[in-house]
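Numbering (this note's numbering), first residue to last: 44 to 294.
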């Protein structure tokens with residue numbers, strides 16, 4: 044039971060290989076208490092009377108079994124409604140399943156970023172990055188963290204993340220190279236490094252033209268237009284807002 048933490052569920056314990064009958068003795072001894080309003084409608088929830096009791100119970104588990112039990116706990120929790128990805132990630136990580144853990148940490152980072160909880164988003168992203176070498180997942184995590192840092196910046200961390208995105212992009216494809224350049228340009232514009240931002244925006248515009256994707260063409264064009272307008276280059280700014288479409292998109 045202690046694998047789940049202070050709160051746990053009879054059905055979850057059974058999934059881990061425990062016996063539901065043991066709960067009656069623990070309840071009589073005052074070690075655990077039932078919870079009337081549990082998290083999951085179809086599961087009977089109990090809690091250790093104190094956090095210390097939960098820690099002691101966990102410490103009694105053989106270390107050789109803990110990883111297997113955490114993996115089973117993750118599987119059971121994953122089938123329950125409304126379980127947060129960071130809770131699943133912790134169990135997968137302790138269950139020696141780094142790939143599954145990294146995927147869930149990535150989801151947790153995105154969820155925190157959506158709530159503008161930047162420190163938590165960065166912490167979850169760091170866990171995901173520590174656990175995976177998969178280029179596409181690393182890209183997703185780094186892009187999520189970059190989005191979060193655009194709200195409340197840590198310039199050094201954001202700069203390091205941009206460098207990692209740029210290193211990943213060539214192997215992932217032209218769309219990723221375009222996005223990496225756009226992200227770098229956005230960072231430079233907010234840092235008021237106008238000339239560098241214009242140079243990066245021009246590179247991003249060239250990549251977007253090669254990509255032949257109107258969505259990226261528009262995003263890069265807007266960024267370039269803002270920079271050129273701020274630099275007093277109005278005619279060029281207007282041109283940037285009206286990039287030529289490919290023959291395919293004219294049809």
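Here a beta-carbon is modelled for each residue, glycine too, at the ideal position from N, C-alpha and C. Computed from a predicted structure; not experimentally measured.
Subject >> Beta-carbon proximity list for residue 57, same chain, < 7 Å, skipping 5 on both sides >> reply: Against the chain shown, residue 57 aligns to sequence position 14. Hits under 7 Å: 63.
Subject >> Limits of the alpha helix (DSSP H) - the one that residue 207 falls within >> reply: By 1-based counting over the chain shown, the position of residue 207 is 164. Start and end: 198-215.
Subject >> Environment of residue 201 [buried if 16+ CB atoms lie within 10 Å] >> reply: Stepping through the chain shown from its first residue, residue 201 is reached at position 158. Flag for residue 201 reads buried.
Original post:
Hey, is the segment 159-167 in contact with the segment 135-143, meaning 3+ C-beta pairs nearer than 8 Å?
Top reply: no
Original post:
Going by beta carbon distance, what residues of the same chain come within less than 7 Å of residue 49, once the five residues before and after it are set aside?
Top reply: Reading the chain shown from its first residue, position 6 is the one you call residue 49. Cβ within range, chain order: 90, 91, 94, 97.
Original post:
If residue 167 and residue 151 are in contact, beta carbons under 8 Å, what's the gap, nearest whole angstrom?
Top reply: For the purposes of this step, residue 167 is taken as residue 124 along the chain shown, with counting starting at 1. For the purposes of this step, residue 151 is taken as residue 108 along the chain shown, with counting starting at 1. Taking the Cβ atoms as the reference, residue 167 lies roughly 4 Å from residue 151, within the contact range of under 8 Å.
Subject >> Sub-8 Å separation of residue 154 and residue 188 beta-carbons >> reply: Numbered from 1 along the chain shown, position 111 holds the residue referred to as residue 154. Numbered from 1 along the chain shown, position 145 holds the residue referred to as residue 188. Cβ distance not < 8 Å, so residue 154 and residue 188 don't count as in contact.
Original post:
Helix or strand or just coil, what does DSSP make of residue 253?
Top reply: Within the chain shown, residue 253 is the residue found at index 210, counting from 1. Annotated three-state conformation of residue 253 is helix, per DSSP.
Original post:
DSSP state of residue 88, grouped into three classes?
Top reply: Position 45 of the chain shown, counting from 1, holds the residue named residue 88. Here DSSP, grouped into helix, strand and coil, assigns residue 88 to strand.
**OP:** May I have the straight-line CA-CA distance separating residue 51 from residue 143, to the nearest angstrom?
**Re:** Looking up residue 51 in the chain shown gives position 8. Looking up residue 143 in the chain shown gives position 100. The alpha-carbon atoms of residue 51 and residue 143 are separated by roughly 22 Å.
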